[in-house]
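Residue numbers (the numbering used here), protein chains in the order written: chain A, 1 to 500; chain B, 1001 to 1315.
Note that beta-carbon positions come from the ideal geometry of N, C-alpha and C, so glycine has one too.
Take a look at the structure set out below.
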Amino acid sequence: MQKSAPQFFDEMQLDDSAVRDIYSAYNSWLQNVPHQQLATKRAEAEVLFRRVGITFNVYGEEDGAERLIPFDVIPRLLSAKEWAQLSAGAIQRVRALNMFLHDIYHKQEIIKAGIVPASILANSQYRPEMFGVDVPNQIYAHIAGIDLVRTSESQFYVLEDNLRTPSGVSYMLEDRKMMMRLFPELFRRYSIAPVEHYPQVLLNNLRAVAQSGVQDPTVVLLSPGAYNSAYFEHAFIAQQMGIELVEGQDLFVRNNAVYMRTTQGPQRVDVIYRRIDDDYLDPLVFNANSMLGVPGLLSVYRNGGVTLANAVGTGVADDKATYIYVPAMIKFYLGEEPLLENVPTFELSKQDDLQYVLAHLNELVVKEVQGSGGYGMLVGPAASKKEIEEFRIRILSRPSSYIAQPTLALSTCPTLVEKGIAPRHVDLRPFVLSGKTVTLVPGALCRVALKEGSLVVNSSQGGGTKDTWVLEGELENLTQQVTEIKKTRAKNTTVEEQVC
Amino acid sequence: MLSRTADHLYWMARSIERAENMARVLDVTYNMSLVPNAAESEAGLWLPALEISGNVEAYERDYEEYSATDVIHYLAMDMNNPSSIYSALRSARENARAVRVAMTSETWENINTLWLEFGQFTGQDFTKSGLREFCDWVKARSHLFRGVCFGTMLRDDAFSFVRLGTFIERADNTARLLDVKYHLLLPSQEEVGGAVDYYEWSAVLHSVSAFHAYQKIFSDTIVPWRVAELLVLRCDMPRSLHACFDEITPILEQLSGVRSSESRRLAGELHAKLHYGQMNDIFQNGLHEFLSVFIESNNLLGSEIQRTFLNAAVN
Chain A
1 MQKSAPQFFD
11 EMQLDDSAVR
21 DIYSAYNSWL
31 QNVPHQQLAT
41 KRAEAEVLFR
51 RVGITFNVYG
61 EEDGAERLIP
71 FDVIPRLLSA
81 KEWAQLSAGA
91 IQRVRALNMF
101 LHDIYHKQEI
111 IKAGIVPASI
121 LANSQYRPEM
131 FGVDVPNQIY
141 AHIAGIDLVR
151 TSESQFYVLE
161 DNLRTPSGVS
171 YMLEDRKMMM
181 RLFPELFRRY
191 SIAPVEHYPQ
201 VLLNNLRAVA
211 QSGVQDPTVV
221 LLSPGAYNSA
231 YFEHAFIAQQ
241 MGIELVEGQD
251 LFVRNNAVYM
261 RTTQGPQRVD
271 VIYRRIDDDY
281 LDPLVFNANS
291 MLGVPGLLSV
301 YRNGGVTLAN
311 AVGTGVADDK
321 ATYIYVPAMI
331 KFYLGEEPLL
341 ENVPTFELSK
351 QDDLQYVLAH
361 LNELVVKEVQ
371 GSGGYGMLVG
381 PAASKKEIEE
391 FRIRILSRPS
401 SYIAQPTLAL
411 STCPTLVEKG
421 IAPRHVDLRP
431 FVLSGKTVTL
441 VPGALCRVAL
451 KEGSLVVNSS
461 QGGGTKDTWV
471 LEGELENLTQ
481 QVTEIKKTRA
491 KNTTVEEQVC
Chain B
1001 MLSRTADHLY
1011 WMARSIERAE
1021 NMARVLDVTY
1031 NMSLVPNAAE
1041 SEAGLWLPAL
1051 EISGNVEAYE
1061 RDYEEYSATD
1071 VIHYLAMDMN
1081 NPSSIYSALR
1091 SARENARAVR
1101 VAMTSETWEN
1111 INTLWLEFGQ
1121 FTGQDFTKSG
1131 LREFCDWVKA
1141 RSHLFRGVCF
1151 GTMLRDDAFS
1161 FVRLGTFIER
1171 ADNTARLLDV
1181 KYHLLLPSQE
1191 EVGGAVDYYE
1201 WSAVLHSVSA
1211 FHAYQKIFSD
1221 TIVPWRVAEL
1231 LVLRCDMPRS
1241 LHACFDEITP
1251 ILEQLSGVRS
1261 SESRRLAGEL
1271 HAKLHYGQMN
1281 DIFQNGLHEF
1291 LSVFIESNNL
1301 LGSEIQRTFL
1311 NAAVN
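Here is the structure:
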């Protein structure tokens, strides 16, 4: 195995010799498995994924351009204790963000208190249409993906919040299913917290946010359709929840209600889990050219005739320009200290910050606010001089459109690559669900940058995924279990030998 | 269920069935071409295959002669022919993909695998070799499709629309096959019982997997009117028109529920003709006429199903 570069924290190894406790059993298993066998397992996984059709579409490519997101067979492990800290932090954050969204569309107390500047109301993601609109349980972000990165044993950072239509949860579920199929012996050896109940938790939450008075709410998933890059996920989640997967053309508005067209005539819809961006939801209000939405939907929504999850206008809370205020929001709304830290961030609208950033472009990561997908960003240490200079011009033309952060030494995780097993940088996206309560299932989407040295994990930039194992119970128990299993195995072997 | 979902499921099943029937026609025609003197010319052999699929005109726009190479390519692999096996299977997979939620994962994986496997046949020259293997594969995948639907799907509306698609398409295909072959072969009535005739009619039977059924039921020489009876009126012959409507009629009864619908009435009328009809009467008025009317009514039924259930226009 290649040694991990010393400046990065590795999830498996403390240093060259010591394996972290939670990985010890896995490591001893891994030592005895030839890499060729792992590669065979990975190939097996690819065949299965392709057969199941767990693919994403690549825009603008020829027919048949359905690609697999690379899957790595080496899992990322988190101890029960680590998970307890991360999940408490993520829940705290989402609670505050939902309170912020309610506030910003009602009394705007956080602005009056001078904690968040009024300029936030000019953000293009702020939807004036939502002002004064009451949503059930005051929940805006029913599904939130919180992107976390790690730089040391104890240091986690929130990289960004995804509160619009966060995707990737199907990989959390499908990767787990695949791992259980490929390596059942590991699941016997470890006590791994299950994640399979995610769709059930989500469905219960969605039913809980129907307008009051609805007895047996009809929940649907609204997708842009089979040519959307995340279509597999839409189909998968709808199927897991046993709800209809609808497209805009299947829905229509009448008498302040939304209906779907069925073979038995129109049927009322109460909750729409929508995977279409705000801009495309209703051609009468937003993008008039949208063929994906439902004319009149927003009017019904504002009058309380239907619930949308996530709510319209959540984008104002997950924008990079808002991100910097989240720790202050937590203190303001909850009166608590943030459990998870933000990455220190430079605001280029501030003159001092701008000067510093321009002088240190080769060390920093610069991100465009209101951007996504890893395209509108500069990773200083990985960029060429030419790229840096081009980006400098872009920054100077609109400084307030950018923020900058130090290049984080993202932790690495052993990953099966062509040369064998090597460390690759990873992040973590747990999904926080808000309904009656705020919860998350013990697992996450773990994205891995497969290119050596790369820090960009986005699937659109060649990232892959890993299964994330949250280990249940305390470490001592675990070590004990492993020892017991070993003993039992030894005994069994003896018995078998005797029988032979 | 969603009308759009029903639409996709219905057309998915129709496309698979269409591909299977096309494979049957190709397979049998190819076998005939191996029988010496089966037809006067290559065109005489391959033109009927085009007629059965009902797209001679479209063919003539793109091709000059009815050679084995061209017709096989057109019916099996031509992307511009909406009825080619390629187009039918592709359409089945596209429809399935659009509504994978509405079917069991086994059903979806089955169709997805079918499409992935199809790749192995592209670029092959079927006039040289491999056509039989290809046709066998198409038939086997179609059997598998129906089996996996039957074995895994909940007996709800989704299942009903899948079955409906299969049998509407099958009834159309069987009727066309019989019509073309009968039309073509009848002039040589005086030679009934001749060797070529035997091969032709046994080929027709083979193409609908009815050769052994014929032997078992009639255990006699293969004569055209009995073949017709088998494929029109016998309810125990799974590809006969009667058998198709034994499936279609109750499905439409159940889907319509308390609503009265034109599709239900049409299906009932057709079913009654097949259920109570007699072969003598059909022959007296002309089998060709009977089949023409049937094909037309069956198409009309298809349009009604489309209008009532699948398009679900809201007034």
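Asked	Found
My guess is that A:Val158 and A:Ile146 are in contact by the Cβ rule of under 8 angstroms, so how many angstroms apart are they, rounded?	6 angstroms
In three-state terms, what does DSSP make of A:Tyr332?	The sequence shown places Phe at residue 332 of chain A, not Tyr. If DSSP states are grouped into helix, strand and coil, A:Phe332 belongs with the helices.
Report the partner residues of A:Phe56 according to the DSSP bridge assignment.	A:Arg67
Note down the Cα distance separating A:Lys107 from A:Val365, rounded to an integer number of angstroms.	35 angstroms
Could you name the residues that DSSP lists as bridge partners for B:His1046?	Looking at the sequence itself, residue 1046 of chain B is Trp, so the reference to His does not match. Partner(s): none; B:Trp1046 has no beta bridge.
Leaving out five residues before and five after A:Leu14 in sequence, what residues of the same chain have Cβ atoms less than 7 angstroms from its Cβ?	Arg20
Are the C-beta atoms of B:Met1001 and some chain A residue less than 8 angstroms apart?	yes
Rounded to whole angstroms, what's the CA-CA distance from A:Pro327 to A:Gly265? Just pull it up for me.	50 angstroms
Using a 10 Å radius around the Cβ and a threshold of 16 neighbouring Cβ atoms, would you call B:Arg1004 buried or exposed?	buried
Just checking my contact of A:Ser411 with A:Phe8 at CB under 8 angstroms: how many whole Å lie between their CB atoms?	6 angstroms
Mind checking if A:Met260 is an interface residue toward chain B, Cβ cutoff 8 angstroms exclusive?	yes
Quick one: is A:Asn162 buried, meaning 16 or more other Cβ sit within 10 Å of its Cβ, or exposed?	buried
Using a Cβ-Cβ distance under 8 angstroms, would A:Arg50 count as near chain B?	yes
Find out if the Cβ-Cβ distance for the pair B:Ile1248, B:Ala1267 is shorter than 8 angstroms.	yes
If you draw a straight line from the C-alpha of B:Phe1309 to the C-alpha of A:Tyr231, how long is it?	25 angstroms
A:Met241 lies in the alpha helix (DSSP H); which residues open and close that run?	231-241
Take the Cβ of A:Gln92 as the centre, count every other Cβ of all protein chains shown within 10 Å, and call the residue buried at 16 or more, exposed below.	buried
Kindly list, in the order they appear in chain B, the residues whose Cβ is closer than 7 angstroms to that of A:Val246.	Leu1002
From this set, A:Arg394, A:Val438, A:Ser454, which residue's C-alpha is nearest A:Pro423's C-alpha?	A:Ser454
Thinking C-alpha only, which one of B:Ser1160, B:Phe1121, B:His1143 is nearest B:Ser952?	Beyond the ends of chain B as shown, which are 1001 and 1315, falls residue 952 of chain B; an answer cannot be given.
Taking 8 angstroms as the cut-off, does the region 38-52 of chain A touch the region 377-395 of chain A (at least 3 CB pairs, one atom from each stretch)?	no
Using a threshold of 8 angstroms, state whether the C-beta atoms of A:Gln277 and A:Thr165 are closer than that.	According to the sequence shown, residue 277 of chain A is Asp rather than Gln. Taking 8 angstroms as the Cβ cut-off, A:Asp277 and A:Thr165 qualify as a contacting pair.
Let me check understanding here. Comparing Cα to Cα, which of A:Ser401, A:Gly376, A:Pro75 lies closest to A:Leu182?	A:Pro75
What does the alpha-carbon distance come out to for the pair A:Leu475 and A:Arg189?	In this predicted model, A:Leu475 has a pLDDT of only 44, less than 50, meaning its place in the structure is not dependable; the value taken from the coordinates is given anyway. Straight-line Cα distance between these residues: approximately 13 angstroms.
Starting from A:Leu340, follow its DSSP beta bridges and name the residues at the other end.	DSSP output for A:Leu340 lists no bridge partner at all.
If you draw a straight line from the C-alpha of B:Tyr1030 to the C-alpha of A:Val169, how long is it?	51 angstroms
Measure from the alpha carbon of A:Ser299 to the alpha carbon of each residue in A:Val133, A:Glu174, A:Asn289, then state which is nearest.	A:Val133
To the nearest angstrom, report how far apart B:Phe1245 and B:Gln1284 are at their CA atoms.	23 angstroms
For A:Cys446, which residues in the same chain have their Cβ closer than 6 angstroms to its Cβ, ignoring the five residues on either side in sequence?	Arg76, Val426, Leu428, Lys466, Thr468
Classify A:Val456 as buried or exposed, calling it buried when 16 or more other Cβ atoms lie within 10 Å of its own Cβ.	buried
Looking only at its chain, what residues have a beta carbon closer than 7 angstroms to the beta carbon of A:Pro381, apart from the 5 residues adjacent to it on each side?	Asn362, Glu363, Thr407
Which bits of chain E does A:Gln200 rub up against, with CB to CB less than 9 angstroms?	Reference to chain E is not applicable here, since the protein chains of this structure are A and B.
Start and end of the alpha helix (DSSP H) containing A:Met180?	169-182
Looking at B:Thr1166: is its Cβ nearer than 8 angstroms to the Cβ of B:Arg1146?	yes
Is there contact between the region 1016-1036 of chain B and the region 1132-1139 of chain B, where contact requires at least three CB pairs shorter than 8 angstroms?	yes
Using the three-state DSSP reduction, which class does B:Arg1146 fall into: helix, strand or coil?	helix
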